[in-house]
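Asker: First residue of the sequence shown? That's 22 in this note's numbering, and the numbers climb one at a time after it. Dropping a structure here in structure tokens format, bear with me for questions.
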Amino acid sequence: MSIPTQELVINFHMTEVCNYRCTYCYAKWNDNQFRNELHLQPGQVEQLLSSLADFFLSANPFKQEFPYQTVRINFAGGEPMVLGKQFINALDTAKALGFRTSIITNGHFLTPDMLQQSSSKLDMLGISFDTADELIAQSIGRADRRGHWLNANQLVRIANTYRQLNSKGQLKINTVVNPFNWYENMSSLIAQVQPDKWKLLRVLPVHDVRQVITSEQYQAYVDRHAPHVSNLIAEDNDAMWASYLMINPQGRFYQNNGPEKGHLLSDPILKAGVEQAFSQIPFDFHAFANRYTHGVKS
Ligand code: SF4
């Protein structure tokens, strides 16, 4: 039976590098392979995007089983904007190939200039924002080496500027509910920012089981905000396993393998080809479609 959905989302984690140090961060591919990240080799990111377009934007066996209308490349990291011009080039390439585009960023590099360069090309701007409290932000590690963090006023300014520059774009906030922020109340800030979606993710213990929170703590956070925020989307751990289509900085498909078990990797896409590499990792069509059906898109 085919599973209807409108948009297939491919999360391309362009780099492992990030200026923040979140304690729960799972954007780590273990073996210090920064030197092998695709963007370091001229033309490789463009080639990867082009291969993905050849497969996913034309008739393919996967599409028969899982009909979709559009494909969105979601740039993620690490922090994709640390790559500056290379990120903008990748964004331009993805657009030119016919993808819809989005980013999930910690917002730190969204200067007025970067917003000018990127907003009109981003169909969705996703900002990860866990707390409006500086002490909590520092405890989580959502700050750079000098202690600079993205505060609530900056978030509001970025949201307003993005909307001015791209009236059709969607704004999304991702919040990871974790051991440091589960008791906080961000209702008034979210009401001010008015994101098109506010996604609450329960911290995922891929590398370190000490980061877990209880179901009750997570549910308390959701319940505290739900009456005040209309477009809140709760995504507990169960909805996350194998329901994302992800590519790592070295250009391999991957999936989270389970709590504390790290990642399962395909061969490099540029060597094996998209179809062969894609067949090497689990991808749960039903879980993906369910997330879509409930309005959740990464
Ligand atoms: S901002 Fe994102 S990529 Fe950076 S350390 Fe935090 S969770 Fe990891």
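Quick reminder that beta carbons are idealized off the backbone N, C-alpha and C, glycines included.
What runs of the alpha helix (DSSP H), each 4 residues or longer, lie entirely inside the region 53-84?
Answerer: Within the region 53-84, the complete alpha helix (DSSP H) runs of at least 4 residues are 65-77.
Asker: From G119 to R273, what distance separates their C-alpha atoms?
Answerer: Between G119 and R273, the C-alpha separation is close to 21 angstroms.
Asker: Take the Cβ of R93 as the centre, count every other Cβ of all protein chains shown within 10 Å, and call the residue buried at 16 or more, exposed below.
Answerer: Result: buried.
Asker: At a cut-off of 7 angstroms, is R56 close to ligand 1 when judged by its beta-carbon and the heavy atoms of the ligand?
Answerer: It does not: the Cβ of R56 is nowhere closer than 7 angstroms to a heavy atom of ligand 1.
Asker: Report yes if the C-beta of R163 is less than 7 angstroms from at least one heavy atom of ligand 3; otherwise report no.
Answerer: Judged by which ligands are present, ligand 3 is missing from the structure shown, whose ligands are ligand 1.
Asker: Going by DSSP, what residues sit across from V197 in a beta bridge?
Answerer: According to DSSP, which records beta bridges pairwise, V197 is partnered with L222.
Asker: From what residue to what residue does the alpha helix (DSSP H) around F274 run?
Answerer: No alpha helix (DSSP H) holds F274; the beta strand (DSSP E) holding it covers 273-277.
Asker: R42: beta carbon under 7 angstroms from a heavy atom of ligand 1?
Answerer: Yes, the Cβ of R42 comes within 7 angstroms of a heavy atom of ligand 1.
Asker: Just verifying my parser: in three-state terms, what is the DSSP assignment at I24?
Answerer: Interpretation of I24 is limited by its pLDDT of 48, a score under 50 that renders its predicted location unreliable; the figure taken from the coordinates is listed afterwards. Coil.
Asker: Going by DSSP in three states, N269 sits in which element: helix, strand or coil?
Answerer: Here N269 sits in coil by DSSP.
Asker: I need the straight-line Cα distance from N199 to R223, nearest angstrom please.
Answerer: Cα-Cα distance, rounded: 7 angstroms.
Asker: Work out the CA separation of L210 and Y242 for me, nearest whole Å.
Answerer: If I take the Cα positions, the gap works out to 15 angstroms.
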